[in-house]
Structure formats: C-alpha cells, structure tokens
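Read in order, the letters of the sequence shown are residues 1 to 150 in the working numbering. Beta carbons are placed, not taken as given, at the ideal position from N, Cα and C, and that holds for glycine.
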Amino acid sequence: MKTNKLKFIVMVLILLSIFSTEKIAQETSLEDYILSYKYESRKEMKIKSKELVILLKQNKAQLIDIRFEEEYKSWNMPIAISIPISSLPNNLSKLDKSKIIVTACPHKDRAIIAMTYLRTKGYKVKYLSEGLLGLADYLRGDNAKNFINK
C-alpha cells in the first residue's frame, strides 16, 4: 500500500514538473506554478550535459547531486554538491541564487522532483535530462580533458 502511494506521489510530482516557466523570481505556490505553465517551457526546464559543462566552465551553473548519501559515497562527481533530496529544504543556503541550479540523479526522476520544488522557492533551475550517468558518459576522453583544463 505504501509503495503504491509513494509511486503515485512521485508520478504527480513528475507531472507537475512539466508545468514550468522560464523564470520564477520569487516563491510561488504549487498551484500558481502549475497555472503559469506555457507550452514553450517544456524544453527550457531541461539541460543536456554538453550545455551544463559549458555553464560550469563559465561559473554560471551549480550542479546539485540529489541522491542519497549512500549513493553519493559509492560514486560521485567532484563537480557536484551533494544535497540529498530528503534534506534539500534544510539546505537551501548552499544554493547560489545568482546561478542556474541544475539538479541531477542517475537518470532524472528525483532530479525532476527537486527541480519542481526549487522552482516554487524562486530558483532558476533545470534538471539534467541525461542524468548523472549521461554526464559521466559525456565527460570522457577529450571532453574530460577540455573541462579540467578550463
């Protein structure tokens, strides 16, 4: 029963994340957030690894790994700040409002939930559409060397 309820909540939050706006300057209710959805906003809530790497090099983005501590300890990306999704509300002070916040997890399910939450709190935020696994795949060979040698 609890598993089905949790799955339902996760699906609702994922669906809600579709309803986004390009910029939310201040905190907003979830209802207002949903009502502000525009068709064109579907694409702007996502970011691909290549674009993220460019923004990180320009110091215009902050990558947030929202996986649980155990997952982060087993493997992580040094370019990300670890803030587990369950502690995100208590760690907003670690986020730089002057940058685009990019939420990430291995695939994208929790990253979408975190993005939705942060948008209602007034952050400029996107989720990494390819997930951390896609970013790890992108940052190989010459792409890794070019990123490190900023």
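Three-state secondary structure (DSSP) of residue i
{"i": "residue 48", "result": "coil"}
{"i": "residue 116", "result": "helix"}
{"i": "residue 85", "result": "helix"}
{"i": "residue 183", "result": "This structure cannot speak to residue 183, because the chain is shown only from 1 to 150."}
{"i": "residue 95", "result": "coil"}
{"i": "residue 57", "result": "helix"}
Own chain, CB closer than 7 angstroms to residue i, minus 5 neighbours either side, in chain order
{"i": "residue 22", "result": "Legend: pLDDT at residue 22 = 39, less than 50; position of this residue unreliable, no value from coordinates given."}
{"i": "residue 96", "result": "62"}
{"i": "residue 72", "result": "65, 82"}
Close Cβ partners of residue i (< 6 angstroms) along its chain, the five nearest in sequence each way excluded
{"i": "residue 143", "result": "none"}
{"i": "residue 18", "result": "With a pLDDT of 44 at residue 18, under the threshold of 50, the predicted position of this residue should be treated as unreliable, and no value is reported."}
{"i": "residue 87", "result": "none"}
{"i": "residue 91", "result": "83"}
{"i": "residue 80", "result": "63, 65"}
{"i": "residue 85", "result": "66, 110, 114"}
Extent of the continuous alpha helix (DSSP H) run through residue i
{"i": "residue 135", "result": "131-138"}
{"i": "residue 38", "result": "Looking at the DSSP string, residue 38 is not in any alpha helix (DSSP H), and its letter there is neither H nor E."}
{"i": "residue 143", "result": "141-148"}
{"i": "residue 71", "result": "69-74"}
According to DSSP, residues forming a beta bridge with residue i
{"i": "residue 127", "result": "46, 103"}
{"i": "residue 62", "result": "101"}
{"i": "residue 80", "result": "63"}
Contacts around residue i, its chain only, beta-carbon distance under 8 angstroms, and the 5 residues preceding and following it disregarded
{"i": "residue 29", "result": "120"}
{"i": "residue 133", "result": "106, 107"}
Proximity test, Cβ basis, 7 angstroms: residue i and chain C
{"i": "residue 88", "result": "Chain labels in this structure do not include chain C; a single protein chain is all it has."}
Quick check: the stretch 127-140 against the stretch 47-55, are at least 3 beta-carbon pairs closer than 8 angstroms? yes
How do the stretch 101-112 and the stretch 64-81 stand: do at least 3 beta-carbon pairs fall below 8 angstroms, yes or no? yes
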